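Notes for the one structure printed next.
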C-alpha cells in the first residue's frame, strides 16, 4: 500500500495548432496499441465480468446473501446447494462473494474518482498559476504527505467512526495529495512548452489555454496514475472494513467477510481465505490494466 | 552536508505544524463531544461542565490547539482513557515492538528485492525476467492482511510449524532475542515485507536495466573488466534511487503495519491504534498518530540526506 509519486514524464506532447485532429490521431494510436496487448485485454474482460456479475447479481439466480441458517454454518466448498460453501452464519458464500463485489469495488473506485476530481483540479490550478497559489496548495499537500497513507486512512476513519461514508471520505483525503502532486508536476511541464507561450502571445484567454492546450496534454498521465491507485484503494478499503472501520455487518463486502471468517480458519481454512482471493484478483487486474494503459499512452513512469 | 540537513530540518517546521494541526483536529472530527467518551451519557450537566473546564474544552478552538501543542511539545501526550497510564509510555512500548518488526521486514524485503531485481535485469532468458516481474506484481497487488491469514492457515493451522499470534511465548512481556521470540516474528515479517518487496524489486530491475544500457558499462566491458567488478559499478550507480524508494517503503511499512499487527496480535503501534479506536481512546489515537507521522517525516528527511551523500550528482538546492 505504497503511495509513490512517480516522476511522470510526458511522452510526446500533443502538439499541433489544430489540436482537435491531432488529438484524435493520438487516441487512435492508443487504441491500436491496446488492441495488440493481450494481457490488458484479458484483465479488462475479467474486470468487466466481475463488475457485471456483481451488478446483475439479483438476476443470476443466486441464493439470498443475507439469509442465515444455523444448521448450515461453515459448510465446505461443493456442498449441495452451496457451490462455495456457507459462512459462519450459514449464508451462501457464492452469493456473498458476488454481491460483495458491489460494495468492495464501489469503496475502492469512488475515493479515487473523487480524489481525481479534487486533486486534479487543485494540481492543475497550482501548476498553471504557479507562484503563491502553487506554494499554498502544494505546501498543504506536504502536510498530508507527512503521514504514511495507511496510517492517515485509519486515523481519519478511526476518529470519525465506522461507516461506509466515513471510509469514503477518509480514503478520498488520502488519495488527493498524490494525484495533486502528479497533476501539478505534469501541468508545470506543459506550461513550459512553446505552444503555450504561442497561444498566450496570440491573445488566448487563460481558460482557453487550460482547456485546449493543458488539459489535452495532462489528462492522459493523470488518468493513468489514478488507475494505478485503484488497486491500492480497493485493498485499503477492504483493510478498513477488515478492521471493522468500514462497511458494517451484515452487508457483504470482501474485507468484512475476511474479518468475520477469521474465526473459521481452524474449521474450514479454504473458505476463510476466499474473499481475499477476490480482492487479490481484482487488484492484480487493475494493476496490469494500469500498466497496459501506461504503455499504450506512452507515459513514462 | 550538515548545513544541508539543518536547512531541510528548518523547512520541515511548517509541515510539522500542519501535521500537529491535523492530529489535533482528529479529536474534533470524532462524532459528539470529546468529553462524551469519558463520561456516562446520563452524567449531570454540572459534572460535564466541570470536566470540560478541567480539560480546557470550554475554550475556543485556537486556544485549545495552542495549549495542546505547548503541552505536547514538552513530551506530555496526556493520559490514556482506557488504561489510565500516560500516553507517552504506552506509545513508546508499542513503538519499540513495531520497529523490531519493521526492521526485520525491511531487511528481508530489501535484500530479496536487490537479488531478484538484479537477476531480472541481467537475465538473458525471458523466463527469469517474467518470473521476477510477476513476483513484484503479486507483491504490490496482494492484500497483505489476507496473505497474513493465509500464512497462518498454512504454517500454523495445517503444518503447526509456527505460532499464529503474539510477540513471544505465553505471558511474555516484550521482545527478547531468543528462539521462541524469533519464531513468533517469522510470519508477521513475511506478511509485512511483501509490499516493499514488490515495489523495490520493480525499482531495482528498471534502474539496473537502465544503467546497463549506459555507455560507461560498454566502455568497462570493452576495457575487459570482469563482470563482477562491473556489477559493483552498476550497483553503486543504482544505489541512490533504490535506497530512496526503500526508505519511503520502510516508513509506509511502519505506518501500515496496523493490519498485520491486528492479524498477529503483535503489541505494536498498529495494535495500540486499533484498540484505541474501538475504546474511543482519543488521546492514544492522537499520540500514536503524531509519533508515527513525526517518525515518517524524520525518516524521509534522513533518506533525502543519505541520498545526496551517496550521489554527488544531486544538487543540494
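Protein chains in written order, with this note's numbering: chain A, 9 to 309; chain B, 6 to 322.
For every residue, glycine included, the Cβ atom is placed at its ideal position computed from N, Cα and C.
The model shown is predicted, which means the values in this text are computed figures rather than measured ones.
What does residue i pair with, by DSSP beta-bridge criteria?
i, result
"residue 87 of chain A", "A/90"
"residue 100 of chain A", "A/94"
"residue 19 of chain B", "According to DSSP, residue 19 of chain B bridges with nothing at all."
"residue 91 of chain B", "B/84"
Apart from the five residues just before and just after residue i, which ones in its own chain have a Cβ nearer than 6 Å to its Cβ?
i, result
"residue 251 of chain A", "none"
"residue 122 of chain A", "180"
"residue 174 of chain A", "165 and 168"
"residue 245 of chain B", "312, 315 and 316"
"residue 283 of chain A", "262, 265 and 266"
"residue 23 of chain B", "none"
"residue 294 of chain B", "28"
"residue 41 of chain A", "304"
"residue 213 of chain A", "none"
"residue 83 of chain B", "92 and 288"
"residue 76 of chain A", "97, 98 and 99"
"residue 276 of chain B", "266"
"residue 103 of chain A", "70, 71 and 73"
Smallest Cα separation from residue i: which of the options?
i, options, result
"residue 185 of chain A", "A/161, A/165 and A/204", "A/161"
"residue 300 of chain A", "A/236, A/265 and A/62", "A/236"
"residue 189 of chain A", "A/167, A/103 and A/233", "A/233"
"residue 284 of chain B", "A/253, A/304 and A/291", "A/253"
"residue 133 of chain A", "A/195, A/208, A/78 and A/282", "A/195"
"residue 63 of chain A", "A/43, A/113 and A/158", "A/113"
"residue 158 of chain B", "A/296, A/266 and A/155", "A/266"
"residue 91 of chain B", "B/306, B/295, B/289 and B/304", "B/289"
"residue 73 of chain A", "A/206, A/128 and A/90", "A/90"
"residue 118 of chain B", "B/202, B/280 and B/35", "B/202"
"residue 19 of chain B", "B/299, B/318 and B/304", "B/299"
"residue 171 of chain A", "A/71, A/150 and A/115", "A/115"
"residue 85 of chain B", "B/306, B/280, B/305 and B/303", "B/280"
"residue 195 of chain B", "B/139, B/65, B/102 and B/107", "B/107"
"residue 120 of chain A", "A/304, A/213, A/279 and A/240", "A/240"
"residue 155 of chain B", "A/151, A/270 and A/117", "A/270"
"residue 176 of chain A", "A/144, A/192, A/207 and A/246", "A/246"
"residue 163 of chain A", "B/274, B/15, B/45 and B/318", "B/274"
"residue 98 of chain A", "A/275, A/80 and A/147", "A/80"
"residue 172 of chain B", "B/36, B/73, B/55 and B/267", "B/267"
"residue 259 of chain B", "B/111, B/47 and B/66", "B/111"
"residue 159 of chain A", "A/129, A/178, A/69 and A/147", "A/178"
"residue 165 of chain B", "B/189, B/126, B/142 and B/57", "B/189"
Enumerate in chain order the residues of its own chain whose CB-to-CB distance from residue i is below 8 Å, with the five nearest sequence positions on each side excluded.
i, result
"residue 257 of chain A", "264 and 268"
"residue 310 of chain B", "6, 9, 10 and 13"
"residue 204 of chain A", "198, 217, 221 and 222"
"residue 311 of chain A", "Any property of residue 311 of chain A remains undetermined from this structure, which presents chain A solely from 9 to 309."
Rounded C-beta distance between residue i and residue j? I'm assuming under 8 Å.
i, j, result
"residue 200 of chain B", "residue 144 of chain B", "6 Å"
"residue 242 of chain A", "residue 290 of chain A", "6 Å"
"residue 253 of chain B", "residue 308 of chain B", "7 Å"
"residue 269 of chain B", "residue 185 of chain B", "Contact doesn't hold; Cβ gap of about 15 Å is too wide."
"residue 286 of chain B", "residue 87 of chain B", "4 Å"
"residue 272 of chain A", "residue 82 of chain A", "5 Å"
"residue 304 of chain B", "residue 249 of chain B", "Not a contact, Cβ separation roughly 11 Å."
"residue 71 of chain A", "residue 100 of chain A", "4 Å"
"residue 44 of chain B", "residue 32 of chain B", "In fact, because the Cβ distance is near 15 Å, the residues do not count as touching under 8 Å."
"residue 262 of chain B", "residue 98 of chain B", "With a Cβ gap of about 15 Å, residue 262 of chain B and residue 98 of chain B do not count as contacting."
"residue 302 of chain B", "residue 21 of chain B", "7 Å"
Answer yes or no: does any C-beta atom of chain C fall closer than 8 Å to that of residue i?
i, result
"residue 298 of chain B", "Looking at the structure shown, chain C is missing, and the protein chains on hand are A and B."
Sorry if obvious, but does the Cβ on residue i come closer than 7 Å to a heavy atom of the ligand ADP?
i, result
"residue 127 of chain B", "Of ligands this structure carries none, so the ligand ADP is not represented either."
Which residues in the same chain as residue i place their Cβ atom closer than 7 Å to its Cβ, once the five residues preceding and following it in sequence are excluded?
i, result
"residue 115 of chain B", "205 and 251"
"residue 29 of chain A", "Residue placement at residue 29 of chain A cannot be trusted, given a pLDDT of 49 that sits under 50; what the coordinates show is reported in the next sentence. Cβ neighbours of residue 29 of chain A beyond the five flanking positions: none."
"residue 47 of chain A", "296 and 300"
"residue 147 of chain B", "199"
"residue 322 of chain B", "Confidence at residue 322 of chain B is low in this model, with a pLDDT of 46, below 50, so its placement is unreliable and the value that follows should be read with caution. If we look at residue 322 of chain B and ignore the five residues flanking it on each side, it has no Cβ neighbours."
"residue 257 of chain B", "none"
"residue 296 of chain B", "96 and 100"
"residue 124 of chain B", "133 and 137"
"residue 293 of chain A", "51, 54 and 55"
"residue 226 of chain A", "132, 191, 194, 195 and 198"
query: What are the start and end residues of each continuous beta strand (DSSP E) run of 3 or more residues lying completely inside the region 130 to 165 of chain B, in chain order?
result: Counting only runs of 3 or more, we get nothing.
query: In chain order, which continuous runs of the alpha helix (DSSP H) of length 4 or greater are located wholly inside the region 169 to 217 of chain A?
result: The qualifying runs are 172 to 199 and 202 to 209.
query: Fully enclosed by the region 226 to 263 of chain B, which alpha helix (DSSP H) runs are 4 residues long or longer?
result: Here the runs fully enclosed are 232 to 261.
Ranges of the alpha helix (DSSP H) found wholly within the region 219 to 282 of chain A, counting only runs of at least 4: If we require 4 residues or more, the alpha helix (DSSP H) runs fully inside the region 219 to 282 of chain A come out as 223 to 250 and 262 to 268.
task: Starting from the N-terminal side, write out each stretch of the alpha helix (DSSP H) that is 4 residues or longer and does not extend beyond the region 101 to 127 of chain B.
output: DSSP runs (the alpha helix (DSSP H)) wholly in the region 101 to 127 of chain B: none.
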